[in-house]
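All remarks here apply to the structure that follows.
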């Protein structure tokens, strides 16, 4: 049987919100170590990889590995009923044909419980190699969100280039061109405000802004976002969840015609 | 602008 109790249930709600615009049906894989998700959007352009360690939970029991096949629009409807300070409990039998969800609130004394039918989802698993990337940039997630949102008015493609000058986001469209340059900045006392750029060699790649904007739905999960790029490879956009896990997005580049 | 690549062009199935 599988049983997990998360004092800060809101973390799980934010994870659901961070992927539900990209994919409809997902398997949540449960093992003795973690809950994890790997799924692609229907166009196979973007991949989401989520991991939440068992150490994030107050109680975690998973007798044998199982996959919980969920329809995210339905899960999202249920999580709308979760209060901000609720504790979340998940339970499933080894047969994994339904999932029990409970939202508990000690202060108000309420317990809401839901039983959700699970589905068998055929999912293609991609083998994502553990690569050393040529550029790694850490920046405030709110700043990344603002940049990719603002650049949408200029065009639908964003050129991301990492050079000695800094990290540059550019978009070109009918009305003209916009560039936003982020320089390394470690002046602030708060580490989450820092911009750090590790560059082994310059990289310049083009990406669809629509997808970059989908990914920023993970912003509430983490004050910082990590961008990793290598020439001719999909970009990795990682939102660490404290020391307990992450939501990572992989996005295939747009090629020059 | 530009042709959108897919992830299968980079990653194999596991």
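Chains as they are written, first to last, in this note's numbering: chain C, 1 to 257; chain P, 1001 to 1014. Cβ atoms here follow ideal geometry from the backbone N, Cα and C, with glycine treated the same way. Since the structure is predicted, the reported quantities are computational estimates derived from the model, not experimental observations.
Chain-ordered chain P contacts of residue i [CB-CB under 8 Å]
{"i": "residue 45 of chain C", "result": "1004, 1005, 1006, 1007"}
{"i": "residue 252 of chain C", "result": "1004, 1005, 1006, 1007, 1009, 1010"}
{"i": "residue 124 of chain C", "result": "1013"}
{"i": "residue 40 of chain C", "result": "1007"}
Per DSSP, cross-strand counterpart(s) of residue i
{"i": "residue 74 of chain C", "result": "None, per the DSSP bridge assignment."}
{"i": "residue 60 of chain C", "result": "C:4"}
{"i": "residue 198 of chain C", "result": "C:136"}
{"i": "residue 69 of chain C", "result": "C:27"}
{"i": "residue 204 of chain C", "result": "C:161"}
{"i": "residue 173 of chain C", "result": "C:176"}
{"i": "residue 51 of chain C", "result": "C:36, C:246"}
{"i": "residue 46 of chain C", "result": "C:251"}
{"i": "residue 182 of chain C", "result": "C:167"}
{"i": "residue 1003 of chain P", "result": "C:255"}
Within chain P, the residues that residue i reaches when beta carbons sit closer than 9 Å
{"i": "residue 255 of chain C", "result": "1002, 1003, 1004, 1005"}
{"i": "residue 127 of chain C", "result": "1011, 1012, 1013, 1014"}
{"i": "residue 33 of chain C", "result": "Correct list: empty, because the minimum Cβ distance to chain P is about 18 Å."}
Within-8 Å CB hit, residue i to chain P
{"i": "residue 229 of chain C", "result": "no"}
{"i": "residue 154 of chain C", "result": "no"}
{"i": "residue 27 of chain C", "result": "no"}
{"i": "residue 92 of chain C", "result": "no"}
{"i": "residue 208 of chain C", "result": "yes"}
{"i": "residue 50 of chain C", "result": "no"}
Opening and closing residue of the alpha helix (DSSP H) in which residue i lies
{"i": "residue 15 of chain C", "result": "10-19"}
{"i": "residue 144 of chain C", "result": "141-151"}
Unbroken beta strand (DSSP E) run spanning residue i, endpoints
{"i": "residue 214 of chain C", "result": "Where residue 214 of chain C is concerned, there is no enclosing beta strand (DSSP E), although the alpha helix (DSSP H) it sits in stretches over 209-215."}
{"i": "residue 34 of chain C", "result": "34-40"}
{"i": "residue 1011 of chain P", "result": "First-last for residue 1011 of chain P: undefined, no H or E at that position."}
Contact list for residue i against chain P, beta-carbon separation under 7 Å
{"i": "residue 269 of chain C", "result": "Residue numbering for chain C in the displayed model covers 1 to 257; residue 269 of chain C lies beyond these limits and cannot be assessed."}
Length at least 4, wholly inside the region 71-143 of chain C: the alpha helix (DSSP H) runs in chain order: 72-79
Contained beta strand (DSSP E) runs [length at least 3] in the region 217-257 of chain C, N- to C-terminal order: 224-229, 235-241, 245-251
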